[in-house]
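Chains as they are written, first to last, in the working numbering: chain A, 2 to 115; chain B, 4 to 116. Beta carbons are placed, not taken as given, at the ideal position from N, Cα and C, and that holds for glycine. Since the model is a prediction, treat every value here as computed from it, not as a measurement. Please read the structure below before turning to the comments.
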Amino acid sequence: AQSVTQLGSHVSVSEGALVLLRCNYSSSVPPYLFWYVQYPNQGLQLLLKYTSAATLVKGINGFEAEFKKSETSFHLTKPSAHMSDAAEYFCAVSDLYNTDKLIFGTGTRLQVFP
Amino acid sequence: GAGVSQSPSNKVTEKGKDVELRCDPISGHTALYWYRQSLGQGLEFLIYFQGNSAPDKSGLPSDRFSAERTGGSVSTLTIQRTQQEDSAVYLCASSNGGVTEQYFGPGTRLTVT
Chain A
2 AQSVTQLGSH
12 VSVSEGALVL
22 LRCNYSSSVP
32 PYLFWYVQYP
42 NQGLQLLLKY
52 TSAATLVKGI
62 NGFEAEFKKS
72 ETSFHLTKPS
82 AHMSDAAEYF
92 CAVSDLYNTD
102 KLIFGTGTRL
112 QVFP
Chain B
4 GAGVSQSPSN
14 KVTEKGKDVE
24 LRCDPISGHT
34 ALYWYRQSLG
44 QGLEFLIYFQ
54 GNSAPDKSGL
64 PSDRFSAERT
74 GGSVSTLTIQ
84 RTQQEDSAVY
94 LCASSNGGVT
104 EQYFGPGTRL
114 TVT
């Protein structure tokens with residue numbers, strides 16, 4: 002069965018610093034991968050998704066992620082953090098037998114300090 | 004247009020009581036999902052409706068949990084005889100199905116005392 006591991010439940014960066022949020026997946030076939038963001042007291046919002054096209058995926062708000070099959074990773078990056086990026090970020094993989102269903106990681110809370 | 008809405012936003016109930024949580028999906032979306040978000044646990048899939056197909060109930064944690072979707076639109080998640088471990092945020096999402104974006108509602112925070 003597929004699974005997603007997000008290393009680091011909390012990540013803190015200074016404003017302007019690089020953001021790197023880690024996601025590793027387990028899947029027997031090339032998966033569909035997603036990053037969602039949840040701002041305080043709000044629902045989740047899609048940042049970006051990988052669906053077997055380009056391995057480098059660009060999303061909203063300056064975020065991007067690179068699918069690396071050899072490392073089974075889909076890490077999320079942003080070159081320069083902004084205070085408004087403070088939120089919880091979830092990596093997800095599509096279910097092997099039903100791609101409509103997503104399996105989410107436990108989330109990483111990003112704090113941005115001035 | 005209007006997004007996914009959920010009601011109530013907060014619900015406090017006593018252990019043993021039944022609760023109903025409502026989800027209004029985006030109009031025209033064929034797929035509707037329920038998730039449970041507990042502190043430190045990420046999002047746990049509960050149930051999934053797609054069009055007129057039988058729902059995928061594989062994520063429901065016990066037979067105290069049930070959900071229905073009337074007329075292919077509004078959905079209600081029912082938890083019978085609530086327990087303290089049911090306390091969580093219940094999120095609803097809708098989509099056009101397939102590998103498309105799921106649009107999430109703001110959630111219902113359930114507290115069982």
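Please report the distance separating the alpha-carbon of residue 61 of chain B from that of residue 54 of chain A.
30 Å
Can you list, in chain order, the residues of its chain with a C-beta nearer than 8 Å to that of residue 22 of chain B? Leave out the 5 residues immediately preceding and following it.
14, 16, 81, 82, 85, 113
Pair within 8 Å by beta-carbon distance, residue 22 of chain A and residue 103 of chain A
no
Pull up the DSSP beta-bridge partners for residue 83 of chain A, would you.
Per DSSP, none; premise fails for residue 83 of chain A.
In whole angstroms, what is the alpha-carbon distance linking residue 59 of chain A and residue 40 of chain A?
20 Å
Report the residues of the region 74-105 of chain B with a CB closer than 9 Å to any CB of chain A, ordered along the chain.
94, 95, 96, 98, 100, 101, 102, 103, 104, 105
Buried or exposed: which applies to residue 17 of chain A, given that a residue is buried once 16 or more other Cβ atoms fall within 10 Å of its Cβ?
exposed
Just how far apart, CA to CA, sit residue 76 of chain B and residue 49 of chain B?
18 Å
Using only the alpha-carbon positions, how far apart do residue 4 of chain A and residue 19 of chain B sit?
33 Å
Taking 8 Å as the threshold (C-beta atoms), are residue 92 of chain B and residue 116 of chain B in contact?
no
Are residue 46 of chain A and residue 37 of chain A close, meaning C-beta to C-beta below 8 Å?
yes
Where the beta strand (DSSP E) through residue 70 of chain B begins and ends
68-72
If you compare alpha carbons, which of A/15, A/50, A/27 is closest to residue 6 of chain A?
A/27
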